[in-house]
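To start, the structure itself, in structure tokens.
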Amino acid sequence: MRRLLLSGHLKFQRSSHLSLSLLRFFHVQSAISVQTDALSQFPCSSDQWSVGDPLDDFISILKNPAKTLPVHSYVSSLHCVALKAGFTENVQVGTGILNLYSKCSALDHVRKMFDELSQRNILTWTILLSACVLRGEHELGLSLFKCMLVDGVLPNCFTLATAFKCCAKNSSLRVGKSIHGWIFRNDIENDIILQNSIINFYAKHDAFGYARKVFELMPERDAVSWNSIIGVHVQLGDMTAAMDLFRASPSKDVSSWNTFINGQMENKFDQTALELLHLMVKIGPLFDQYTFSIALALSAKLALLDLGKQIHCKLLRLGFENDAFVKNSMINMYSKCGEVETSLIIFSNRVQSPNLSQLSPSFMGKLGNTISWSTLIAGYVHKGFTEEALALFSRMLNEGAPADAFTLTSIAAACADAGIFQQGRQIHACIEKLGHGVDVFLASAVIDMYAKCGSLDDARKVFEGMECTNIVFWTSMIASYALYGEGREAIDVFQMLLEKRIMPNKISFVVILSACSHAGLVEEGYKYFKMMQKDHGIVPTIEHFNCMVDLLGRQGLLDEAKNFICEHNLRHHSLVWKTLISACRVHGDFEAAIWASEKLVEIEPHEAGSYVLLSNIYATKRDWAKVSRTDLVLHDLEEEQREVILQHHSEKLAIAYGIISTPCGSPLRIMKNLRVCGDCHEAIKYVTQATDREIVLRDAYRFHHFKHGICTCRDYW
DNA sequence: TTAGGGTTAG
């Protein structure tokens, strides 16, 4: 249709009115390449005009709001037309083009044009500041705002709102406060938009009292005001107040619902978010693209595939399937809910930009090309499809998409899962080269990757090379030590964390308790279990309780472990019984093992695993003395047979192959999917002594780091 | 004013 119109247009190119109408049509349709083609046919010399005033028509095109943000190539073509036709002397044309450059984030062009302007007024200054905000240049925006005041130009509400946007995005609480004071003192007209931006500015700087005050003093409020103040309480985590405000808001529009539902998710009230979403369908406004993104994110988080599919149908009916955000949320939802193939299909049909290099960064962001890659890769890693994720990553690089910090984090996690040290190291080099080394998410993932690939030293180097107060970053290092049974080192790092007044979370405590357990540090374990509740107000969950049962059980304090289960009313948790049974077996307490297994069968009468455990214990009883020596190998074999089989255990074979195929003295890293047996563990100790090599063995649960005849697990695992 | 992708344990 557009092509047809364009070819028709070429026949009548001498008619300026027809040219302009077509141009406007293409602009509204936002067909980028066609617009530019149409512009190239635009009659430029005055003798080509048949009727009417071309200047007026041109100005009306500049002011005509397009459905989407203007594209840079289209605006520069318009600019060329204006130059050729001699329109640029006109103030409205100059301002119009400046505004379009600003909207497509072409800050360089805006600054150049602004510098060349003969007359600067409040409008041109405001356009310049908006361009800075759109481009994320908030510091520059503020310094230009100050230049404007020095020039004696009095700001209006729009300019001030833009200045507050700059202050909200950087560390300018002081500057923003002084502008607010100036508005008060000079009795400047203060409209709703400006007041909303002031609320938002205070909220971004955690100055919630001020935000609330501005809201309360507003003579009139719109949906944005209400949403902003609801957002303040969401940020504070005060969801009761947020709920009251949401109910009280007289202007509940679709964005109010979005803000509130999203706030519930941010505060981990996913069930409430789900209920509100149902309520919105019943009594609320129609969904917009934000609602769809939020709803899909919620389905992904709760792994509710059916709900996700219903939302998919709904968005198809309402025509939101081409929105880049929504599409990306769909890719995420399908992969997190286990339908990786569907997410791949949606990914393959995603919006492709005509020419990425010509577009501004914000426009590229809106098209979502890089983001879709990282979402898809994250989905594959999440589902454990490590090889596929790595293959997608190299395809992504081949297709010229940049490796951003998000993608690299997922790839580092993939290397950790697969325990592939060499690839992990290459990824780390790539991260440093691209300048992503300072990203805290990425650094945490790299620590975890090195630890899980068998190099605790490299993990430690990354940790020590960065000053950081992020709790996940610290927990990653503590978990790495715990994984290797280095309980004392784990405790040292945990103490450093407390000294720096970084707040440990519930996972940090699971990690430190498990470190104490693996290192047999009972007293310290009790200390942290109490500290967690008393000093940090963290209510212990089954994971914490289980660590304590494990800690006591491993040390042979079986009665204490039993009492702990009873005292804390953990009888209905199968996990603690399994832990206790394992400890009873290690310490050869058959009676206690039977007792615990019977408890387990009571709780899980339909679980085959419970009966297998129980029957194993009965089987063990037949020859307990023998089993206590060989319990980790095979129960019913003759001694000679056993010796032959033990020689072929995969870790021994791997080590033998490693020794003959690598340089003397280099470390060996071995991975296996089962727990190491006692015989292999003993043998490896001798091998490290005889060959003077370090051997790192990753089994199903943890690492064994052998050096000079000693293992970090101290023979306890 | 509100939206999508990343890290730690078990």
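Just so we're aligned, residue 1 is where the first sequence starts under UniProt numbering, counting upward by one.
Backbone N, C-alpha and C define an ideal beta-carbon position, used for all residues, glycine too.
field: Continuous alpha helix (DSSP H) assignments of at least 4 residues falling wholly in the region 46–113
entry: 54–63, 72–85, 91–103
query: On the three-state DSSP scale, how would you describe Lys672?
result: For the purposes of this step, residue 672 is identified with residue 672 of the first sequence, where counting begins at 1. Three-state result, Lys672: coil.
- prompt: Could you give the distance in angstroms between the alpha-carbon of Pro219 and the alpha-carbon of Ile192?
  reply: Position 219 of the first sequence, counting from 1, holds the residue named residue 219. Position 192 of the first sequence, counting from 1, holds the residue named residue 192. The alpha-carbon atoms of Pro219 and Ile192 are separated by roughly 9 Å.
- request: Answer with buried or exposed for Tyr701, where buried requires no fewer than 16 other C-beta atoms within 10 angstroms of its C-beta.
  value: Translated into positions along the first sequence, residue 701 becomes position 701. With fewer than 16 other Cβ atoms within 10 Å, it is exposed.
query: Which residues mark the beginning and the end of the alpha helix (DSSP H) in which Phe184 is found?
result: Here residue 184 refers to the residue found at position 184 of the first sequence. Run containing Phe184: 173–185, per the alpha helix (DSSP H) assignment.
query: To the nearest whole angstrom, what separates the beta carbons of Leu376 and Phe347, a pair I think is in contact under 8 Å?
result: On the first sequence, position 376 is the one that residue 376 refers to. On the first sequence, position 347 is the one that residue 347 refers to. Contact flag correct, Cβ pair sits at about 5 Å.
field: DSSP-derived helix/strand/coil call for Leu697
entry: Along the first sequence, one-based indexing puts residue 697 at 697. Residue state, collapsed to three classes: strand.
- request: Put Phe421 into one of helix, strand or coil per three-state DSSP.
  value: Residue mapping note: residue 421 aligns to position 421 of the first sequence, counting from 1. Helix at Phe421.
message: Short of 6 Å in beta carbon distance, which residues of its chain neighbour Ala479, apart from the five on each side in sequence? Order them along the chain.
response: Within the first sequence, residue 479 is the residue found at index 479, counting from 1. Taken in chain order, the residues that qualify are Val511.
query: Excluding the five sequence neighbours on either side, which residues of its own chain have a C-beta within less than 7 Å of the C-beta of Met671, listed in chain order?
result: Numbered from 1 along the first sequence, position 671 holds the residue referred to as residue 671. Correct list, in chain order: Gly419, Arg698.
query: Which residues in the same chain have their Cβ closer than 7 Å to the Cβ of Lys707, if we skip the five residues on either side of it in sequence?
result: Here residue 707 refers to the residue found at position 707 of the first sequence. Answer for Lys707: Thr688, Glu694, listed in chain order.
field: Residue burial classification, Val676 (beta-carbon count within 10 angstroms, cutoff 16)
entry: Along the first sequence, one-based indexing puts residue 676 at 676. With 16 or more Cβ atoms within 10 Å of its Cβ, Val676 is classed as buried.
task: Answer with buried or exposed for Met503, where buried requires no fewer than 16 other C-beta atoms within 10 angstroms of its C-beta.
output: Position 503 of the first sequence, counted from the start, is the residue given in the question as residue 503. Answer is exposed; the Cβ neighbour count stays below 16.
task: Determine which residues share a DSSP beta bridge with Cys711 and list them.
output: As a working mapping, residue 711 is identified with position 711 in the first sequence. Answer is Phe706.
message: Would you call the region 645–665 in contact with the region 429–443, where contact means no fewer than 3 C-beta pairs closer than 8 Å?
response: no
- prompt: Using DSSP with H/G/I as helix, E/B as strand and the rest coil, what is Met280?
  reply: Taking the first residue of the first sequence as 1, we reach residue 280 at position 280. Looking at Met280 - three-state DSSP - the assignment turns out to be helix.
- prompt: If Gly485 and Cys516 are in contact, beta carbons under 8 Å, what's the gap, nearest whole angstrom?
  reply: Numbered from its first residue, the first sequence carries residue 485 at position 485. Numbered from its first residue, the first sequence carries residue 516 at position 516. With 8 Å as the limit, Gly485 and Cys516 do not qualify as a contact, their Cβ atoms being about 11 Å apart.
task: Spell out a yes or no on whether the region 229–240 and the region 257–265 are touching, meaning 3 or more CB-CB pairs, one atom from each, closer than 8 Å.
output: yes
- request: Can you have a look at Arg221 and say buried or exposed, based on whether 16 or more other CB atoms are within 10 angstroms of its CB?
  value: Residue 221 sits at position 221 when you count from the first residue of the first sequence. Per the 10 Å Cβ criterion, buried.
field: Three-way DSSP call (helix, strand, coil) for Lys165 in this model
entry: Within the first sequence, residue 165 is the residue found at index 165, counting from 1. Lys165 falls in the helix class under three-state DSSP.
task: Kindly indicate which three-state DSSP category Tyr484 falls into: helix, strand or coil?
output: Your numbering for residue 484 matches position 484 in the first sequence. In this structure, Tyr484 counts as coil in the three-state DSSP scheme.
query: What three-state label does DSSP hand Phe287 in the structure shown?
result: If you number the first sequence from 1, residue 287 lands on position 287. Note: Phe287 maps to coil in three-state DSSP.
query: What residue from Phe201, Trp125, Glu560 has the CA that sits closest to Ser225's CA?
result: As a first step, residue 225 must be located in the first sequence, where it is residue number 225. Of the listed residues, the one whose Cα sits closest to Ser225 is Phe201.
Leu302 - DSSP class collapsed to helix/strand/coil: One-based indexing of the first sequence puts residue 302 at position 302. Coil at Leu302, not helix or strand.
query: Hey, quick one: how far does the alpha helix (DSSP H) through Asn262 stretch, first residue to last?
result: The residue given as residue 262 occupies position 262 in the first sequence. From DSSP, the alpha helix (DSSP H) with Asn262 extends over 254–266.
field: Asp692 - DSSP class collapsed to helix/strand/coil
entry: Stepping through the first sequence from its first residue, residue 692 is reached at position 692. DSSP places Asp692 in coil when its eight states are reduced to three.
message: Just to confirm, is the Cβ distance from Lys383 to Gly319 under 8 Å?
response: Stepping through the first sequence from its first residue, residue 383 is reached at position 383. Stepping through the first sequence from its first residue, residue 319 is reached at position 319. Contact flag unset, no.
Which listed residue (Ala324, Met330, Asp288) has its alpha carbon closest to that of Gly308: Translated into the one-based positions of the first sequence, residue 308 becomes position 308. When only C-alpha atoms are compared, the closest one is Met330.
- prompt: Taking Arg669 as the reference, which of Leu98, Arg395, Glu651 has the closest Cα?
  reply: Position 669 of the first sequence, counting from 1, holds the residue named residue 669. Among Leu98, Arg395, Glu651, the Cα nearest to that of Arg669 is on Glu651.
message: With H, G and I counted as helix, E and B as strand and the rest as coil, what does DSSP make of Val153?
response: Position 153 of the first sequence, counting from 1, holds the residue named residue 153. Residue state, collapsed to three classes: coil.
message: For Cys147, count the other beta carbons within 10 Å of its own beta carbon; 16 or more makes it buried, fewer makes it exposed. Which is it?
response: The residue labelled residue 147 in the question sits at position 147 within the first sequence. Cys147 should be labelled exposed.
- prompt: Would Gly424 pass as a contact of Met449 if the rule is Cβ separation under 8 Å?
  reply: As a working note, residue 424 is residue 424 in the first sequence. As a working note, residue 449 is residue 449 in the first sequence. Taking 8 Å as the Cβ cut-off, Gly424 and Met449 qualify as a contacting pair.
field: For Phe393, the first and last residue of its enclosing alpha helix (DSSP H)
entry: Here residue 393 refers to the residue found at position 393 of the first sequence. Looking at the DSSP string, the run of the alpha helix (DSSP H) that includes Phe393 is 386–398.
message: Please return the same chain residues whose Cβ sits closer than 7 Å to the Cβ of Pro402, not counting the five positions on each side in sequence.
response: Within the first sequence, numbered from 1, the residue matching residue 402 stands at position 402. Within the same chain, Pro402 has close Cβ partners Thr370.
message: What would DSSP say about Gly437, mapped onto helix, strand or coil?
response: As a first step, residue 437 must be located in the first sequence, where it is residue number 437. Here Gly437 sits in coil by DSSP.
message: To the nearest angstrom, how far is the alpha carbon of Gly141 from that of Arg174?
response: Residue mapping note: residue 141 aligns to position 141 of the first sequence, counting from 1. Residue mapping note: residue 174 aligns to position 174 of the first sequence, counting from 1. Near 16 Å, if we compare the C-alpha coordinates of Arg174 and Gly141.
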